[in-house]
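Asker: In terms of this note's numbering, the sequence shown has 212 at position 190, counting the first letter as 1, and numbering is strictly consecutive. We put the CB at the ideal spot given by N, CA and C, even for glycine. For clarity, every value in this text was computed on a predicted model and none was experimentally measured. Structure provided below as structure tokens; questions to follow.
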Amino acid sequence: PRTAAVIPAAGRGIRLGPGAPKALRALGGTPMLIHAVRAMAASRAVSLVVVVAPPDGAPEVKHLLDEHALPERTDYLVVPGGDTRQESVGLGLDALPEDIAVVLVHDAARPLVPVDTVDAVVEAVRNGAPAVVPALPLADTVKEVEPAGAAGEPEPVLSTPVRARLRAVQTPQGFDRDTLVRAHAEVALDGEGATDDAGMVERLGKPVVVVPGHEEAFKVTRPLDLVLAEAVLARRRA
Ligand code: CTP
Ligand code: MG
Numbered sequence: 023p024r025t026a027a028v029i030p031a032a033g034r035g036i037r038l039g040p041g042a043p044k045a046l047r048a049l050g051g052t053p054m055l056i057h058a059v060r061a062m063a064a065s066r067a068v069s070l071v072v073v074v075a076p077p078d079g080a081p082e083v084k085h086l087l088d089e090h091a092l093p094e095r096t097d098y099l100v101v102p103g104g105d106t107r108q109e110s111v112g113l114g115l116d117a118l119p120e121d122i123a124v125v126l127v128h129d130a131a132r133p134l135v136p137v138d139t140v141d142a143v144v145e146a147v148r149n150g151a152p153a154v155v156p157a158l159p160l161a162d163t164v165k166e167v168e169p170a171g172a173a174g175e176p177e178p179v180l181s182t183p184v185r186a187r188l189r190a191v192q193t194p195q196g197f198d199r200d201t202l203v204r205a206h207a208e209v210a211l212d213g214e215g216a217t218d219d220a221g222m223v224e225r226l227g228k229p230v231v232v233v234p235g236h237e238e239a240f241k242v243t244r245p246l247d248l249v250l251a252e253a254v255l256a257r258r259r260a
């Protein structure tokens with residue numbers, strides 16, 4: 023079955039601070055999005071990459087992709103994104119050609135995911151799992167709290183989930199195409215925003231499985247993450 027990677031890259035990057043849309047910021051001199059596209063194209067399983075660009079940035083993103091050579095076996099498409107990540111992924115799914123049976127969804131903000139992680143996700147889907155997420159055990163203990171009314175106010179703790187049972191999920195998340203399309207069509211209607219795609223499949227009542235993630239698949243969210251990403255890249259190039 024042909025596999026495509028949808029890369030939501032339409033976010034502004036508010037938490038990273040002022041500047042260009044996050045996906046277009048430089049990492050080692052190259053836009054973060056290009057690293058993410060290359061990470062997907064590095065997998066021999068991926069034959070199409072669909073980039074979901076900032077709403078007014080599709081021509082610029084198309085130009086960037088034309089400029090940075092991808093492997094010859096990889097096609098790419100650029101579509102404009104929406105106001106939320108969920109909407110952006112949905113717009114990417116709408117652009118998929120008929121013959122795509124497996125879909126990866128990968129954050130442009132995870133530019134350094136190793137190809138072995140990508141391949142492990144694809145393999146688990148091809149082996150029959152309708153939804154697969156790479157994830158890692160947590161370093162920090164997690165508390166559920168009653169969120170404070172105002173910033174800085176103490177928050178009452180409600181519970182402490184057993185850390186050994188928790189996983190921090192990454193991308194690429196992999197799906198049987200029909201399952202993900204159905205999840206987007208049905209869950210989009212229930213109003214509750216989902217923070218990841220597998221969560222929408224869970225709401226359909228379908229099984230989701232976890233495979234090992236990778237430390238280098240971390241998301242560039244805040245300025246410190248960019249420092250780490252630059253260091254990882256420098257180490258790879260050394
Ligand atoms: N994303 C998207 N469309 C949106 C919002 C987010 O395609 N409307 C993408 C981002 O470009 C990113 C991924 O979803 O690759 C993960 O989102 P996040 O890390 O939250 O990125 P931003 O939304 O850009 O950052 P912030 O929340 O700090 O503004
Ligand atoms: Mg966001």
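1. Between the stretch 143-162 and the stretch 90-109, do at least 3 Cβ pairs fall closer than 8 angstroms?
2. Report the rounded CA-to-CA distance for V147 versus G174, giving the unit in angstroms.
3. Check this for me: beta carbons of L55 and V101, under 8 angstroms apart or not?
4. Count the C-beta pairs between the stretch 45-55 and the stretch 108-117 that are closer than 8 angstroms, then say yes if the count reaches three, no if not.
5. Is K84 near the ligand CTP, with its Cβ less than 7 angstroms from a heavy atom?
6. Apart from the five residues just before and just after A64, which ones in its own chain have a Cβ nearer than 6 angstroms to its Cβ?
7. Once you ignore the five residues that flank E177 on each side, which residues in its own chain have a CB closer than 7 angstroms to its CB?
8. For the ligand CTP, is there a heavy atom less than 7 angstroms away from the beta-carbon of G41?
9. Under the three-state reduction of DSSP, which class applies to A157: helix, strand or coil?
10. Could you say if the stretch 178-185 and the stretch 123-143 meet the contact criterion of at least three C-beta pairs nearer than 8 angstroms?
11. Based on the DSSP output, what are the partners of P76 in its beta bridges?
12. Please report the distance separating the alpha-carbon of V68 from that of H236.
13. Identify which residue in P245, P152 and R258 has its Cα closest to the Cα of G227.
14. Which residues in the same chain as V231 place their Cβ atom closer than 6 angstroms to its Cβ, once the five residues preceding and following it in sequence are excluded?
15. Verify the contact flag: G33, CB atom, against every heavy atom of the ligand MG, threshold strictly below 7 angstroms.
16. Can you tell me the Cα-Cα spacing of R34 and R225, whole angstroms?
17. I want to see whether chain B comes within less than 8 angstroms of P234, judged by CB atoms only; does it?
18. Taking DSSP's pairing of strands, which residues face Q195 in a bridge?
19. The ligand MG and R244: does the residue's C-beta get closer than 7 angstroms to at least one heavy atom of that ligand?
20. Quick check: what's the CA-CA separation for G17 versus P133?
21. When you compare each of A58, V59 and A123 to D198 by their alpha carbons, which one comes out closest?
22. Might you give, ordered along the chain, the residues of its own chain that have their beta carbon closer than 7 angstroms to the beta carbon of E208, omitting 5 neighbours on each side?
23. Do L87 and A26 count as a contact pair if the criterion is CB distance below 8 angstroms?
24. Look up L8 in the DSSP assignment and say whether it is helix, strand or coil.
25. Run the proximity test for R107: is its beta-carbon closer than 7 angstroms to any non-hydrogen atom belonging to the ligand MG?
Answerer: Inspection of the coordinates gives the following:
1. Contact between the stretch 143-162 and the stretch 90-109 is absent: fewer than 3 CB-CB pairs across the two stretches fall below 8 angstroms.
2. Each residue's alpha carbon lies about 43 angstroms from the other.
3. Against a cut-off of 8 angstroms, the Cβ pair of V101 and L55 comes out as no contact.
4. Short answer: they don't touch.
5. For the ligand CTP, not one heavy atom lies less than 7 angstroms from the Cβ of K84.
6. Excluding residues within five positions, the ones whose Cβ falls inside 6 angstroms are V137.
7. Closer than 7 angstroms at the Cβ level, and outside the excluded window around E177, lie V167, E168, P169 and A170.
8. Here the distance from the Cβ of G41 to the nearest heavy atom of the ligand CTP is not below 7 angstroms.
9. Residue state for A157 is assigned as strand, using DSSP reduced to three classes.
10. Here the stretch 178-185 does not lie against the stretch 123-143, with fewer than 3 beta-carbon pairs under 8 angstroms apart.
11. According to DSSP, P76 bridges with nothing at all.
12. Counting only the Cα atoms, H236 lies some 19 angstroms from V68.
13. The residue with the shortest Cα to Cα distance from G227 is P152.
14. Only A151 and V154 meet the Cβ criterion.
15. G33 Cβ: within cutoff of the ligand MG.
16. The alpha-carbon atoms of R34 and R225 are separated by roughly 28 angstroms.
17. Of the protein chains in this structure there is only one, and it is not chain B.
18. V127, per the DSSP bridge assignment.
19. No, the Cβ of R244 stays beyond 7 angstroms of every heavy atom of the ligand MG.
20. The requested residue 17 does not occur in the structure, where the chain is confined to residues 23 to 260.
21. It is A123.
22. Same-chain partners within the cutoff: L226.
23. Cβ atoms of A26 and L87: not closer than 8 angstroms.
24. Nothing in the structure corresponds to residue 8, since the chain is present only between 23 and 260.
25. R107: yes, Cβ under 7 angstroms from the ligand MG.
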